[in-house]
Every structure is written in structure tokens, then in C-alpha cells.
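>
Residue numbers (our numbering): 1433 to 1671.
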């Protein structure tokens, strides 16, 4: 049984990456590279969630949301007393999302997590059922406040699908509980290609520590499940 935090959603990051640790190519084209097995794996994780969070850049690169389509997972959600689709939550400080994206025509509930400035456009335009400002800062979203609001609104389990900058912020604040990584048989290379966790990076004494829970190999892909350690990291000997 999951140990669900009471003040925020239990948060799981789900990503596919190349063997050299990239989540997209150097042009950030949003090209997909996981197999059909990885797609089914992702759909299952999404089906288990109450909400799915992605950054604005991730949405702009693909223009659609990952929704539940398989009959078995739709049935499982119904039997669990959940709506057919989890809430799709876009995080964008600017709020600049093209209202013509196919995302806005998908049969899904849509929320926006933004700043007061980013909310201005959507106060007079349709597209999102809820617009959450996550604090009062005009520079960025206060995730500690925002995650509390999500929990109050019934989001107990949150799946995060990217991108690397968003995920880096969540790790920095200690808001990630679990990590699913699919390692795929590609090499993208490129020093500017995005990784699962971008941002400024962590010094070794502040680096989040993970406990490996499960590993499975399916043909050329490896599926890894990690739990984020909450105890202080052990002292590491210097070389």
C-alpha cells in the first residue's frame, strides 16, 4: 500500500529516455522513441493517477495529452469509482498555450497551473475548467502551494510526464515520491538535448537518493521503478 502524503499528492515521475539519458533529441522535436510496450506501460501509469502534470514546453512539442484509451484501464477506473480520464494539468508560468492545439479538442478535463499574469488570458477565454495560480509570485509557480491546492481538489495521485525543468523543480522541493524510467535502445547525444532532470543540477550532498524497487527487461528496453529516499543521505567517502 502506498504511503500517501496528506498535504499533497503522491507524485510519480514517468519518463522514457535513451541509453545516454536523453528525453528528446537536440532539436527538442518531441519525437517519440519508446516501443508499443512502453506506451502500454505509460498508459497504465496514467490510468492509475487522478491527475497528470506536464510542462508547457512538453505540451507545445506534442500538442496533445496522454489519455487513457485501453478498455481494461477505462474499466479499472470505473470500478475504482473514478472518472474515465484523469485531470490533465498543464504547468506554464506564462500561460501561453495555443488555444488551437488538438489538446483542447480531446475529451479530457483540463486544468492550468500558472501565475497570476499567466492566468489573465484564460480568464476571458475558454479551454481550461480550472486555472490555478499556485501562489502570488509573478516569476514562477509556487509548487508547494500548488500541490496543496491540488490535494484539496481531490488529486491524491499525480503522474508527471515532463519536462526536465519542471521535474528538476519538483525534485529540488522534495515533491517527488516515485520514479519510473524506461531506458530505450537509442543514442541521441548532444550537450543541449534535454534530460529527465534539467535545471541547475544538484551537488552530491544534496542529490536526491533513490531506492530501486523493480527492474524488468522487455527486448531492448529496461523498465526501472525507483522510490525516492526520505532519510538523510549517508556520508559518502571522498576519493
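Just so it is clear, CB atoms sit at the ideal spot from N, CA and C, and this is done for glycine as well.
(1) Leaving out five residues on either side along the sequence, give the residues of the same chain with a beta carbon under 7 Å from the beta carbon of residue 1502.
(2) Along the chain, where does the alpha helix (DSSP H) containing residue 1507 start, and where does it finish?
(3) Do three or more CB pairs link the stretch 1458-1475 to the stretch 1629-1647 at distances below 8 Å?
(4) Nearest to residue 1494 by alpha carbon, out of 1603, 1463, 1484, 1477?
(5) Going by Cα to Cα distance, which pick from 1442, 1624, 1453, 1581 is closest to residue 1546?
(6) Below 7 Å CB to CB, which residues in the same chain sit around residue 1478 once its five sequence neighbours on both sides are set aside?
(7) What would DSSP say about residue 1535, mapped onto helix, strand or coil?
(8) Restricting to runs no shorter than 3 residues, where is the beta strand (DSSP E) found entirely within the stretch 1572-1659?
(9) What number of angstroms, rounded off, separates the C-alpha of residue 1609 from the C-alpha of residue 1467?
(10) Mind checking which residues open and close the alpha helix (DSSP H) that includes residue 1525?
(11) To the nearest angstrom, how far is the alpha carbon of residue 1575 from that of residue 1629?
(12) Using C-beta distances below 8 Å, list every residue in its chain close to residue 1482, excluding the 5 sequence neighbours before and after it, in chain order.
(13) Could you check how far apart the C-beta atoms of residue 1531 and residue 1559 are, in whole angstroms? I think they sit under 8 Å.
(14) When DSSP labels each residue in this structure, what does residue 1464 get in the three-state scheme?
(15) Just to confirm before moving on: does the CB-CB distance between residue 1633 and residue 1486 stay below 8 Å?
(16) Does the pairing of the stretch 1446-1465 with the stretch 1613-1622 give three or more beta-carbon distances under 8 Å?
(17) Can you list, in chain order, the residues of its chain with a C-beta nearer than 6 Å to that of residue 1656? Leave out the 5 residues immediately preceding and following it.
(18) Residue 1620 to residue 1626, Cα distance in whole Å?
Walking through what the data contain:
(1) Residue numbering aside, residue 1502 sits at position 70 when the chain shown is read from its first letter. Only 1475 meet the Cβ criterion.
(2) The residue you call residue 1507 lines up with position 75 of the chain shown. From DSSP, the alpha helix (DSSP H) with residue 1507 extends over 1503-1511.
(3) Touching, no, given that fewer than three Cβ pairs across the two stretches are closer than 8 Å.
(4) As a first step, residue 1494 is located in the chain shown; it is residue number 62 there, counting from the start. If we check each option's Cα against that of residue 1494, 1463 comes out closest.
(5) Position 114 of the chain shown, counting from 1, holds the residue named residue 1546. Residue 1581 is the option with its Cα nearest to residue 1546.
(6) In the chain shown, the residue the question calls residue 1478 occupies position 46. Cβ neighbours of residue 1478 beyond the five flanking positions: 1484, 1498, 1500, 1518, 1591.
(7) The residue you call residue 1535 lines up with position 103 of the chain shown. Helix at residue 1535.
(8) 1589-1592, 1610-1616, 1642-1650
(9) As a first step, residue 1609 is located in the chain shown; it is residue number 177 there, counting from the start. As a first step, residue 1467 is located in the chain shown; it is residue number 35 there, counting from the start. Answer to the nearest angstrom: the Cα atoms are 26 Å apart.
(10) As a position in the chain shown, residue 1525 is number 93, starting the count at 1. For residue 1525, no alpha helix (DSSP H) encloses it, and the DSSP letter there is neither H nor E.
(11) Position 143 of the chain shown holds residue 1575. Position 197 of the chain shown holds residue 1629. Cα to Cα, the separation comes out at about 16 Å.
(12) Against the chain shown, residue 1482 aligns to sequence position 50. 1441, 1514, 1518, 1519, 1586, 1587, 1588, 1589, 1590.
(13) As a position in the chain shown, residue 1531 is number 99, starting the count at 1. As a position in the chain shown, residue 1559 is number 127, starting the count at 1. The C-beta separation of residue 1531 from residue 1559 comes to about 5 Å, placing the pair in contact by the 8 Å criterion.
(14) For the purposes of this step, residue 1464 is taken as the residue at position 32 of the chain shown. DSSP places residue 1464 in coil when its eight states are reduced to three.
(15) As a position in the chain shown, residue 1633 is number 201, starting the count at 1. As a position in the chain shown, residue 1486 is number 54, starting the count at 1. Not in contact: residue 1633 and residue 1486 (Cβ atoms no closer than 8 Å).
(16) yes
(17) Working through the chain shown from its first residue, we reach residue 1656 at position 224. These residues qualify, in order along the chain: 1613, 1647.
(18) Taking the chain shown and counting its residues from 1, the one referred to as residue 1620 is at position 188. Taking the chain shown and counting its residues from 1, the one referred to as residue 1626 is at position 194. Looking at the two C-alpha atoms, the distance is approximately 10 Å.
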